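Q: Under our numbering, the first residue of the sequence shown carries the number 6, and numbering increases by one thereafter.
Yeah, the Cβ is synthetic: ideal placement off N, Cα and C, and Gly gets one too.
Model, not experiment: these values are computed from the prediction.
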Amino acid sequence: MGREWQRLILADYSSEHPIFIDANIFLDYTLPNTEFGGFVSDFLERVELQDIAAITTPAVLNEVSYILLLQRGMTILKTENKDTVRIKIKANGHFSHLCYDAVDTFNEFICGLDGLKLIPVQPEDYLLASDLGRAYNLLPIDALHLSAMRRAHIRNIATRDRDFERVDGIVVWSP
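Have a look at this one:
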């Protein structure tokens, strides 16, 4: 017998319990995503106003920063080739600086979310992540997020990543 699945809508989230925010939620807002950006914007505004207690980790923010960095570089160079962008970031300080402007803007946004708390990733999270990845067929970064959630006793996650639907003991909220 498989896990019962019910899709819960992020706009309906109103629990006093904290919700973990996955990278794709931040990306839907910052890039922006025309399909989900409005829903995510409303959700993050509720976090900013402290109507919702939200949690994330530096690992999530690093994922977002990396994608924003590459996206800015691809836009500047008018290319879809991420390798070209990575090479140029490492070789050209001015170009790197321009790309990091996107990360700086994101960091300023994160600092303004008063209802968002950062929790650290601990060594035990990393060690448990491989067991969780194996148990739920998750990629390592998602297993690391799940491990940090478990340690912090967080049952709710804001994400569009359907892989979390396979995980017992959490509730997935999607835009």
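(1) Compute the beta-carbon to beta-carbon distance between L15 and P180, rounded to the nearest angstrom, for a pair I have assumed lies under 8 Å.
(2) Return the residue from the list R156, I146, A153, H158 that minimises the CA-CA distance to D166.
(3) So, at 7 Å on beta carbons, what are the nonlocal neighbours of V172 in its own chain, with the 5 sequence-adjacent residues on each side left out?
(4) In angstroms, rounded to a whole number, what distance separates the CA positions of M6 and D136?
(5) Take D27 and list the residues in its own chain whose beta-carbon comes closer than 7 Å to its own, dropping the five residues that flank it on each side.
(6) Given a cut-off of 8 Å on the beta-carbon distance, is the pair L13 and V176 in contact?
(7) Which same chain residues end up closer than 8 Å to D168 when comparing Cβ atoms and leaving out the 5 residues on each side of it in sequence?
(8) What did DSSP end up calling S179 once you bin it into helix, strand or coil?
(9) Do G98 and V90 have their C-beta atoms closer together than 8 Å?
(10) Quick one: what does DSSP say H22 is sitting in, helix, strand or coil?
(11) Classify N29 as buried or exposed, calling it buried when 16 or more other Cβ atoms lie within 10 Å of its own Cβ.
(12) Leaving aside the five residues before and after F31 along the sequence, list all residues of the same chain whose C-beta is less than 7 Å from its C-beta, in chain order.
(13) Label I72 either buried or exposed according to how many other C-beta atoms from any shown protein chain fall within 10 Å of its C-beta, with 16 as the threshold for buried.
(14) Under the three-state reduction of DSSP, which class applies to T84: helix, strand or coil?
A: Taking the geometry as given:
(1) 5 Å
(2) I146
(3) Y141, L151
(4) For M6, the pLDDT reaches just 39, beneath the cut-off of 50, and the residue's location in the model is therefore unreliable, although a value from the coordinates is still provided. A straight line joining the alpha-carbon of M6 with that of D136 spans about 21 Å.
(5) V65, H150, I162, A163, T164, D166
(6) yes
(7) Y141, N142, L143, L144, D147
(8) strand
(9) no
(10) coil
(11) buried
(12) V69
(13) buried
(14) In this structure, DSSP gives T84 a state outside helix and strand, which the three-state scheme calls coil.
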